[in-house]
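For the record, in the sequence shown the residue sitting at position 452 is 452 according to the working numbering, with numbers rising by one throughout. Positions of the beta carbon are idealized from the N, C-alpha and C atoms, including for glycine. These numbers were taken from a predicted model, which means no experiment stands behind them. Below is one structure, written out as structure tokens; the observations come after it.
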Amino acid sequence: MPLFQAIGIGRAQGLQLLIMIGSLLLWWSAVPEGLTEPAWKLFVVFITTIALVISGTMAIFTAAIIGVSAAMLTGTLTAEQAFLGFSQDFILLIIVAFLIARGVVNSGLGKRIAYLIISRFGYSSLGLSYSIVAADMLIAPAFPSNTARSGVLFPIVNALASDSGSNPDDGTRRRIGAYLMFCSMAGLSISSALWLTAMAANPAGVAMAQDMGINITFGSWFFAASVPCLVAFLVVPRVLYVVFPPGLQQTPEAPAAARESLRAMGPVSYQEWVVGATFIVMVLLWVFSKSLGINNTAVAFSGLAVLMLSGVFTIDDLHEEGRALDTLVWFAILYAMSSNLNAFGFMAWLGGYLADWVGGFDWGLVFALLVVSYVVIHYFFVSQTAQLLALFSVFLGVGLNAGVPGELMALMLLFATNFMSVIAPQGSSANVIYLASGYIEASEVYRYGGIVTAVNSLIFLTVGTAWILLVT
Numbered sequence: 001m002p003l004f005q006a007i008g009i010g011r012a013q014g015l016q017l018l019i020m021i022g023s024l025l026l027w028w029s030a031v032p033e034g035l036t037e038p039a040w041k042l043f044v045v046f047i048t049t050i051a052l053v054i055s056g057t058m059a060i061f062t063a064a065i066i067g068v069s070a071a072m073l074t075g076t077l078t079a080e081q082a083f084l085g086f087s088q089d090f091i092l093l094i095i096v097a098f099l100i101a102r103g104v105v106n107s108g109l110g111k112r113i114a115y116l117i118i119s120r121f122g123y124s125s126l127g128l129s130y131s132i133v134a135a136d137m138l139i140a141p142a143f144p145s146n147t148a149r150s151g152v153l154f155p156i157v158n159a160l161a162s163d164s165g166s167n168p169d170d171g172t173r174r175r176i177g178a179y180l181m182f183c184s185m186a187g188l189s190i191s192s193a194l195w196l197t198a199m200a201a202n203p204a205g206v207a208m209a210q211d212m213g214i215n216i217t218f219g220s221w222f223f224a225a226s227v228p229c230l231v232a233f234l235v236v237p238r239v240l241y242v243v244f245p246p247g248l249q250q251t252p253e254a255p256a257a258a259r260e261s262l263r264a265m266g267p268v269s270y271q272e273w274v275v276g277a278t279f280i281v282m283v284l285l286w287v288f289s290k291s292l293g294i295n296n297t298a299v300a301f302s303g304l305a306v307l308m309l310s311g312v313f314t315i316d317d318l319h320e321e322g323r324a325l326d327t328l329v330w331f332a333i334l335y336a337m338s339s340n341l342n343a344f345g346f347m348a349w350l351g352g353y354l355a356d357w358v359g360g361f362d363w364g365l366v367f368a369l370l371v372v373s374y375v376v377i378h379y380f381f382v383s384q385t386a387q388l389l390a391l392f393s394v395f396l397g398v399g400l401n402a403g404v405p406g407e408l409m410a411l412m413l414l415f416a417t418n419f420m421s422v423i424a425p426q427g428s429s430a431n432v433i434y435l436a437s438g439y440i441e442a443s444e445v446y447r448y449g450g451i452v453t454a455v456n457s458l459i460f461l462t463v464g465t466a467w468i469l470l471v472t
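As structure tokens, then:
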């Protein structure tokens, strides 16, 4: 920018300066009525952190470190509040799942699975993307955790990328890996909305709706979600193909080459059997973890222990996976900020303000405004479950008071809790494993994840709304 050049600084430094000046002005401005000073100041710190990442001027790790330092040094957060995220088991689950993926690659099993998929669907990168998302949608009802499901899908996508000559460390991530990773991450937003049991927050939302007189069953959920989710399945990979295209698009020779590679690999090796058996046991334990009373993160740690004892994953592998530690730090920090924003009353204040804003509007307009607002507010949450627990009943109550049909309002908010998950890097814990791979950058998630979320929102607000009104 000419102004920045005139004063001798680059574009990135200039944008950082503008963001910091804006943050200071907000920091010293009057606290909005109904908010406490800690809530307002934490909001300023959080929004500044996000702005630095969205602008592309600072890595998300650096921005998170600066943000938590500012929050603590100003007394906005105590040490206990600031480090809350480091004690969350689901964050450790993400990191361990990422390490297990390395073991899947080391053993050769990831390569074998990748070749099998390529041999069937590998004629184009678009065909691969559809096969990944379709597989996710089929296994989703058995996984009450989209984070655990990402741990199953990621090693396969990672192997597909690397065996197509696309790696994050040699400048070839955009060849096909970044696109496939993004499609898999976006696919989780669709599969989680399709099934009541596909995400941990879904049953909680159904119970909250039932407390307000709205009954939603497994069957009614699936029936209502089926049409908009099918449309999203058909549209989203193609949208990403246009806005975030892979360098390698047509691969007509890939299936034959994959079959030849499978023959060259020979029979399944001992390490592949170990990884395969471990993975199957982990998946089964994840599926039945609730009924067995087993912690999902404990399952992941046990699986990693088996891979280490068998020599599939080594200490040297751990030393090489520096991205795992980076991910643990920045995600834990943003999670803590988000949780404390809710605890300080910021989200309740925002919900009350929204209720006043839509008062007196036609119910159709209220419905659209509530859903869009619910989606946009997710920028401030690092947990879909946390947002649902904080705002679902507030938004549903506002909609019901405005005359919105109860089942329509409840279902759309529940679907939105899932289809908005890729709006930001921290929008879902499932996103983090894909970012940790190095194939996708945080600023790209803000840009293209925002586009995917807008597409999902449009599909559900149009096709989804018409379908729900028709069948309920």
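Annotated three-state conformation of S124 is strand, per DSSP. The alpha-carbon separation between F301 and M181 amounts to approximately 24 Å. Comparing C-alpha distances from V432 to each of E407, S383 and N401 shows the shortest one belongs to S383. Taking C-beta separations shorter than 8 Å and ignoring five residues to either side along the sequence, the partners of I468 in its chain run A224, E407, L408, L411 and M412, following chain order.
Looking at the backbone, the Cα of Q249 and that of I190 are separated by about 23 Å. With distances taken between CA atoms, S457 lies nearest to V422 out of N158, V422, A12 and S443. In the DSSP secondary-structure assignment, Q250 is bridged to S124. By a beta-carbon distance limit of 8 Å, M137 contacts F233. Their separation comes to about 7 Å. CA-CA distance, G247 to G427, rounds to 27 Å. DSSP places V268 outside both helix and strand once states are collapsed to three, so it counts as coil. Contact between the region 96 to 109 and the region 304 to 318 is present, with at least three C-beta pairs closer than 8 Å. Our two residues, S129 and A186, have alpha carbons roughly 10 Å apart in a direct line. Between F380 and M420, the C-beta spacing is not below 9 Å. In the same chain as G399, and ignoring 5 residues on each side of it, the C-beta atoms closer than 7 Å to its own belong to V366, F367, L370 and M409, in chain order.
Counting the other Cβ atoms within 10 Å of the Cβ of R11 gives fewer than 16, which makes it exposed. Sequence-distant Cβ neighbours of R238 in its own chain, meaning closer than 8 Å and more than five residues away, are L126. At least 9 Å separates the beta-carbon of V242 from that of V452.
With a cutoff of 9 Å on beta-carbon distance, A71 and W330 are scored as not near each other.
Taking C-beta separations shorter than 7 Å and ignoring five residues to either side along the sequence, the partners of L461 in its chain run A368 and V371, following chain order.
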